[in-house]
Amino acid sequence: MSYPELHMIIEGEKIPVGHRRVHTVVNPATGAALGALPLADAADLDRALAAAQRGFRLWRDAAPQQRAAVLAGAARLLRERQEEIARIATLEEGKALAESRSEVMMNVTLFEFYAGECHRPIAAGCSVILKAAEEAPASALAVLQCLLDAGLPKEVGQAVFGVPDEVSRHLLGSPIIRKLSFTGSTVVGKHLMKLAAEDCKRTTMELGGHGAVLVFDDVDVEQVLNAMVPAKFRNAGQVCISPTRFIVQEGVYERFLAGFTARAEQWRVGNGLEADVQMGPMA
54 MSYPELHMII EGEKIPVGHR RVHTVVNPAT GAALGALPLA DAADLDRALA AAQRGFRLWR
114 DAAPQQRAAV LAGAARLLRE RQEEIARIAT LEEGKALAES RSEVMMNVTL FEFYAGECHR
174 PIAAGCSVIL KAAEEAPASA LAVLQCLLDA GLPKEVGQAV FGVPDEVSRH LLGSPIIRKL
234 SFTGSTVVGK HLMKLAAEDC KRTTMELGGH GAVLVFDDVD VEQVLNAMVP AKFRNAGQVC
294 ISPTRFIVQE GVYERFLAGF TARAEQWRVG NGLEADVQMG PMA
């Protein structure tokens, strides 16, 4: 399949490159350019803010049943488009295709759960401006498009891209933004918290982890290895809960080391679109 033409989404409109600055999205497995991503200017961000403000007024008054219908519809579309979205994610992120398929289905599960639990925050009637990573924009756009195609009002969900610090300062400097949710590095998270603190905006931060694994003498070593080796190499280690160190009790140390080494030597690395590849390159 070909990589889709890139754009932003503001008020349901696909905003092309036009006169804007661009970021070249690259396939990390091959180094080949995939597409040109438009970067938002101040006018784009102001338009997204205004749309989000209108969207909040609209969506907060929507009946829970309406919100549930949108989430359930988006889950259905994600199921139907699973292979397409998974391949897009692998093209721009490099991860193994099996991982991409699994992550699409995780979104399906989330949407279905919140559709049935409408009092949960994700279905609480908030409008959203999504600022996804410029390195992997198309998969994020595909998920938002599923929501819009399922009936999400066009003012409720926006997707913008840009120079990260410029976008962050512009959006967080607006009184329209009331809450920030960020997943990423601790360094960037601290910076965003400082920006949000200027107006006492609430934040939710999912930052870099440091996952220690304790392995004691009384464990089933094979069972632990079967769980921990895939966890270590998932998404080339680029997961916040990825194990970073193993602290192993002496009684099973040699068995654990030998088993882990043997499995690591057999781990298949390559282009994520190729059959049987278990780990792609770092994005």
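Sequence positions in the sequence shown follow the working numbering and run 54 to 336. Glycine included, C-beta positions come from ideal geometry on N, C-alpha and C.
Less than 8 Å between the CB atoms is what I'm expecting for residue i and residue j, so what's the real figure, rounded?
i: phenylalanine 214; j: leucine 87; result: Going by Cβ atoms, the distance from phenylalanine 214 to leucine 87 rounds to 14 Å, so no, they are not a contact pair.
i: lysine 148; j: glycine 262; result: No, lysine 148 and glycine 262 are not in contact; Cβ-Cβ is about 18 Å, not under 8 Å.
i: leucine 278; j: phenylalanine 235; result: Actually they do not touch by this definition, with Cβ atoms about 34 Å apart.
i: arginine 222; j: leucine 194; result: At roughly 23 Å, the Cβ-Cβ gap does not stay under 8 Å, so arginine 222 and leucine 194 are not in contact.
i: isoleucine 182; j: glutamine 211; result: 5 Å
Quick one: is residue i near chain D, going by C-beta distance under 7 Å?
i: serine 153; result: Checking the listed chains, one finds no chain D in this structure; it contains a single protein chain.
Compute the Euclidean distance between the alpha carbons of residue i and residue j, then round it to the nearest angstrom.
i: tryptophan 321; j: isoleucine 141; result: Sequence inspection shows arginine at residue 321; the tryptophan mentioned does not correspond to that position. So the alpha carbons of these two residues sit roughly 21 Å apart.
i: alanine 95; j: valine 157; result: 32 Å
i: glutamate 327; j: leucine 267; result: 34 Å
i: arginine 113; j: arginine 308; result: 57 Å
i: glycine 333; j: glutamate 303; result: 33 Å
i: glutamine 106; j: arginine 154; result: 34 Å
i: leucine 201; j: arginine 120; result: 12 Å
i: glutamine 118; j: alanine 203; result: 14 Å
i: alanine 116; j: glycine 242; result: 34 Å
Give the DSSP-derived three-state secondary structure of residue i in the structure shown.
i: valine 274; result: helix
i: leucine 183; result: strand
i: glycine 230; result: The sequence given here places isoleucine at residue 230; glycine does not occur at that position. Isoleucine 230 falls in the coil class under three-state DSSP.
i: isoleucine 300; result: strand
i: phenylalanine 235; result: strand
i: threonine 256; result: strand
i: isoleucine 175; result: Unreliable positioning characterises isoleucine 175 in this predicted model, as indicated by a pLDDT of 45, which lies under 50. The coordinate reading is nonetheless provided below. Helix, per DSSP.
i: methionine 54; result: coil
So, at 6 Å on beta carbons, what are the nonlocal neighbours of residue i in its own chain, with the 5 sequence-adjacent residues on each side left out?
i: methionine 335; result: Ala289
i: serine 238; result: Gly261
i: cysteine 199; result: Ala127, Leu130 and Leu131
What does a CB cutoff of less than 7 Å around residue i pick up in its chain, not counting 5 residues either side in sequence?
i: aspartate 271; result: none
i: leucine 144; result: Tyr56, Asn80 and Leu87
i: serine 295; result: Gly264, Ala284, Lys285 and Arg287
Using beta-carbon positions only, say whether residue i and residue j come within less than 7 Å of one another.
i: glutamate 64; j: alanine 104; result: yes
i: phenylalanine 109; j: serine 180; result: yes
i: leucine 111; j: isoleucine 229; result: no
i: arginine 74; j: leucine 98; result: no
i: valine 301; j: valine 274; result: no
i: threonine 257; j: methionine 246; result: no
i: lysine 184; j: valine 209; result: no
Closer than 6 Å: is that where the CB of residue i sits relative to any heavy atom of the ligand MG?
i: isoleucine 230; result: The ligand MG is not part of this structure, which contains no ligands at all.
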